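Chains as they are written, first to last, in UniProt numbering: chain A, 1 to 215; chain B, 1 to 215.
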């Protein structure tokens, strides 16, 4: 049975890094501190850096990192996360995920601009562009996932849109023990989410707080 | 050696209940869910309800509740927390803490209005009203505390004022696993607090996240 999953990073004050696609570092300087514990995990080092030595943390952070990469068959993301806003008029722009994006399944990019043809990439990822209602895109992604889960990959505004519409089964927020004082709000307009989902809180060795909302 | 302590309640999205002194329930309807785990502790039941049966939770929530009531020799609070804004023109108003307030030591009320004479109450509490700089009030409270700690008791704006001024040694925030979507912001203007204080995160059986900033 397909479940719809969202993973977010937050500070104690409820902000995630606000991406700036036109900056040298498009995720912004706050992204590093927000995700430091995640980047230190064995899974992340292996999947992202190709580190096969087995180095990296192995506690609760690692447990969440490992499950992040498991059981997903399709993904939905906002246009900004694909990088579409950076090159809105370039039909050859293939996103900022590199020649071999780390997905390996269909990725549905939500856009309000004109439809684009799909882009097959090395490694099994295909970027599809959709202008329809999020419910319709989710229905299509669910079929494409073939019984695996669908991830709503972000950005945070897209994730909150799915959450507010009641479309998310599993929300995981990794809260770094830092105060950012700025960024994109993670929790806006989600009052009462604990009444539709079961909440669990855990703390990792890194001090990261893992909050899950499950239904 | 006197330490300056602050204890706050927050939701996951960084709000605490915004008091409305003119409402029937001056702490607001969000105060109950925010403090439910605290109200369930053995210490709270004993200190506030006079329940001497020993009933109540005994885990991490209780540990923080017990230390809340230990080792404080003076307190500073904002005028709103005394209830001064509700009756600004009534010189006989003695606050909303009842005939025998639960302090038992000097309580310095910060006010911008005209100075008032101090109010001695049953049980050892004396309310003092001060219009000076927070550093001066803290110096006076520190002397009054006689080697015990000084609590900055709130509200949250007063607490943040002391935090921003670098006057707080120990901040404890009890984060309830709920999303309020409204209220008084707990963390505003505190970016980088983790660089001046050591942060520790723990989770209680209730799901409450206890974050402490210590220096």
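Even for Gly, the Cβ is constructed at its ideal location relative to N, Cα and C.
Every value quoted in this text rests on a predicted model; they were computed, and no experiment measured them.
Specify whether the region 103-117 of chain B and the region 70-84 of chain B touch according to this definition: at least 3 beta carbon pairs, one from each stretch, less than 8 Å apart.
Contact between the region 103-117 of chain B and the region 70-84 of chain B is present, because at least three Cβ pairs lie under 8 Å.
Hey, quick one: how far does the alpha helix (DSSP H) through residue 135 (chain B) stretch, first residue to last?
Taking the second chain and counting its residues from 1, the one referred to as residue 135 (chain B) is at position 135. First-last of the alpha helix (DSSP H) with residue 135 (chain B): 134-145.
Identify whether residue 163 (chain A) lies in helix, strand or coil by the three-state DSSP scheme.
The residue you call residue 163 (chain A) lines up with position 163 of the first chain. Here residue 163 (chain A) sits in helix by DSSP.
Should residue 48 (chain B) be labelled buried (16 or more other beta-carbon atoms within 10 Å of its own) or exposed?
Position 48 of the second chain, counted from the start, is the residue given in the question as residue 48 (chain B). Classification for residue 48 (chain B): exposed.
Which bits of chain B does residue 194 (chain A) rub up against, with CB to CB less than 8 Å?
Numbered from 1 along the first chain, position 194 holds the residue referred to as residue 194 (chain A). Those are 177, 178 and 179, listed as they occur along chain B.
Which one of A:93, A:38, A:78 and A:90 has the shortest CA to CA distance from residue 68 (chain A)?
As a working note, residue 68 (chain A) is residue 68 in the first chain. Comparing Cα-Cα distances from residue 68 (chain A) to each of A:93, A:38, A:78 and A:90, the minimum goes to A:38.
Helix, strand or coil: which one does DSSP assign to residue 108 (chain A)?
Counting from one through the first chain, the residue named residue 108 (chain A) turns up at place 108. DSSP places residue 108 (chain A) in strand when its eight states are reduced to three.
Name the chain B residues that come within less than 7 Å of residue 138 (chain A), Cβ to Cβ?
The count along the first chain starts at 1 and reaches residue 138 (chain A) at position 138. In chain order: nothing, as chain B lies at least about 22 Å away.
Using a Cβ-Cβ cut-off of less than 7 Å, give me the residues of the region 148-179 of chain B that come near chain A, in sequence order.
Listed by position, the residues of the region 148-179 of chain B near chain A (Cβ gap below 7 Å) are 177, 178 and 179.
Could you check where the alpha helix (DSSP H) with residue 77 (chain A) kicks off and where it finishes?
Within the first chain, residue 77 (chain A) is the residue found at index 77, counting from 1. Element bounds for residue 77 (chain A): not the alpha helix (DSSP H) but the beta strand (DSSP E), 72-78.
Hey, residue 65 (chain A) and residue 44 (chain A) are a contact pair by Cβ (cut 8 Å); roughly how many whole angstroms apart?
As a first step, residue 65 (chain A) must be located in the first chain, where it is residue number 65. As a first step, residue 44 (chain A) must be located in the first chain, where it is residue number 44. 5 Å between Cβ atoms; contact.
Could you confirm whether any beta carbon from chain A is found closer than 7 Å to the beta carbon of residue 215 (chain B)?
Residue mapping note: residue 215 (chain B) aligns to position 215 of the second chain, counting from 1. No, because no Cβ of chain A sits closer than 7 Å to the Cβ of residue 215 (chain B).
Is the region 175-186 of chain B close to the region 143-150 of chain B, with three or more CB pairs under 8 Å?
No, the region 175-186 of chain B does not touch the region 143-150 of chain B.
Using 8 Å as the cut-off, can you tell me whether the region 150-170 of chain A makes contact with the region 155-174 of chain B, which would need three or more C-beta pairs spanning the two stretches below that distance?
Short answer: they don't touch.
Spell out a yes or no on whether the region 111-120 of chain A and the region 133-144 of chain A are touching, meaning 3 or more CB-CB pairs, one atom from each, closer than 8 Å.
Result no; under three Cβ-Cβ pairs closer than 8 Å.
What do you reckon, are the CB atoms on residue 101 (chain B) and residue 126 (chain B) nearer than 7 Å?
On the second chain, residue 101 (chain B) is found 101 positions in, with the first residue counted as 1. On the second chain, residue 126 (chain B) is found 126 positions in, with the first residue counted as 1. Against a cut-off of 7 Å, the Cβ pair of residue 126 (chain B) and residue 101 (chain B) comes out as no contact.
Name the two residues that bound the continuous beta strand (DSSP E) containing residue 202 (chain A).
Walking along the first chain from the start, residue 202 (chain A) turns up at place 202. 198-203 is the extent of the beta strand (DSSP E) around residue 202 (chain A).
For chain B, find out if any of its Cβ atoms is closer than 7 Å to the Cβ of residue 134 (chain A); answer yes or no.
Here residue 134 (chain A) refers to the residue found at position 134 of the first chain. No - not a single Cβ of chain B is within 7 Å of the one on residue 134 (chain A).
For a test of the three-state rule: what should DSSP assign to residue 84 (chain B), helix, strand or coil?
Within the second chain, numbered from 1, the residue matching residue 84 (chain B) stands at position 84. Three-state result, residue 84 (chain B): coil.
If we count the other Cβ atoms within 10 Å of its Cβ and call it buried at 16 or more, is residue 1 (chain B) buried or exposed?
The count along the second chain starts at 1 and reaches residue 1 (chain B) at position 1. Result: exposed.
Residue 4 (chain B) by DSSP, collapsed to three states: which one?
If you number the second chain from 1, residue 4 (chain B) lands on position 4. Three-state DSSP puts residue 4 (chain B) in a strand.
Run through chain A and tell me which residues come within less than 8 Å of residue 32 (chain B), C-beta to C-beta.
Position 32 of the second chain, counted from the first residue, corresponds to residue 32 (chain B). Ordered by position in chain A, no residue passes the 8 Å Cβ test against residue 32 (chain B), which lies about 14 Å from the chain.
Assign residue 17 (chain B) to buried or exposed, taking buried as 16 or more other Cβ atoms, counted over all protein chains shown, within 10 Å of its Cβ.
Here residue 17 (chain B) is taken as the residue at index 17 of the second chain, counted from 1. Looking at its Cβ environment, which holds 16 or more other Cβ atoms inside 10 Å, residue 17 (chain B) is buried.
With DSSP as the reference, please indicate the residues paired to residue 175 (chain B) in a beta bridge.
Indexing the second chain from 1 puts residue 175 (chain B) at position 175. Beta-bridge pairing links residue 175 (chain B) to B:10 and B:209.
Determine the DSSP secondary structure at residue 43 (chain A), reduced to helix, strand or coil.
Taking the first chain and counting its residues from 1, the one referred to as residue 43 (chain A) is at position 43. Residue state, collapsed to three classes: helix.
Less than 6 Å separating the Cβ of residue 48 (chain B) from some heavy atom of the ligand NAD?
Looking at this structure, you won't find the ligand NAD or any other ligand, since it has none at all.
List, in order along the chain, the chain B residues whose C-beta lies closer than 9 Å to that of residue 6 (chain A)?
Here the question's residue 6 (chain A) lines up with position 6 in the first chain. Per Cβ cutoff of 9 Å: no residues; residue 6 (chain A) is ~14 Å from chain B at best.
Going by DSSP, name the residue or residues bridged to residue 170 (chain A).
For the purposes of this step, residue 170 (chain A) is taken as residue 170 along the first chain, with counting starting at 1. For residue 170 (chain A), which the question treats as bridged, DSSP gives the partners A:5 and A:214.
Tell me residue 129 (chain B)'s beta-bridge partners as DSSP assigns them.
By one-based count along the second chain, residue 129 (chain B) stands at place 129. DSSP lists B:109 as partners of residue 129 (chain B).
Taking 7 Å as the CB-CB cut-off, is residue 45 (chain A) touching chain B?
Numbered from its first residue, the first chain carries residue 45 (chain A) at position 45. Judged by the 7 Å Cβ criterion, residue 45 (chain A) is not in contact with chain B.
Would you kindly check if the distance between the Cβ of residue 174 (chain B) and the Cβ of residue 210 (chain B) is under 7 Å?
Position 210 of the second chain, counted from the first residue, corresponds to residue 210 (chain B). Position 174 of the second chain, counted from the first residue, corresponds to residue 174 (chain B). Yes, these two residues count as a Cβ contact at 7 Å.
Would you check if the region 190-197 of chain A and the region 197-205 of chain B touch, i.e. whether three or more CB-CB distances between them fall below 8 Å?
No, they do not touch.
Consider the Cβ of residue 183 (chain A): report whether some Cβ of chain B lies at a distance smaller than 7 Å.
Counting from one through the first chain, the residue named residue 183 (chain A) turns up at place 183. Taking Cβ atoms only, chain B never reaches closer than 7 Å to residue 183 (chain A), which makes this a no.
In chain A, which residues lie with their C-beta within 9 Å of the C-beta of residue 100 (chain B)?
As a first step, residue 100 (chain B) must be located in the second chain, where it is residue number 100. Here the premise fails: no neighbours, minimum Cβ distance about 36 Å.
Listing by chain order, which chain B residues have their CB less than 7 Å from the CB of residue 201 (chain A)?
For the purposes of this step, residue 201 (chain A) is taken as the residue at position 201 of the first chain. Within 7 Å Cβ-Cβ: 177, 203, 207 and 209.
I'd like to know whether the C-beta atoms of residue 77 (chain A) and residue 28 (chain A) end up nearer to each other than 7 Å.
In the first chain, residue 77 (chain A) corresponds to position 77, counting from 1. In the first chain, residue 28 (chain A) corresponds to position 28, counting from 1. No, these two residues do not count as a Cβ contact at 7 Å.
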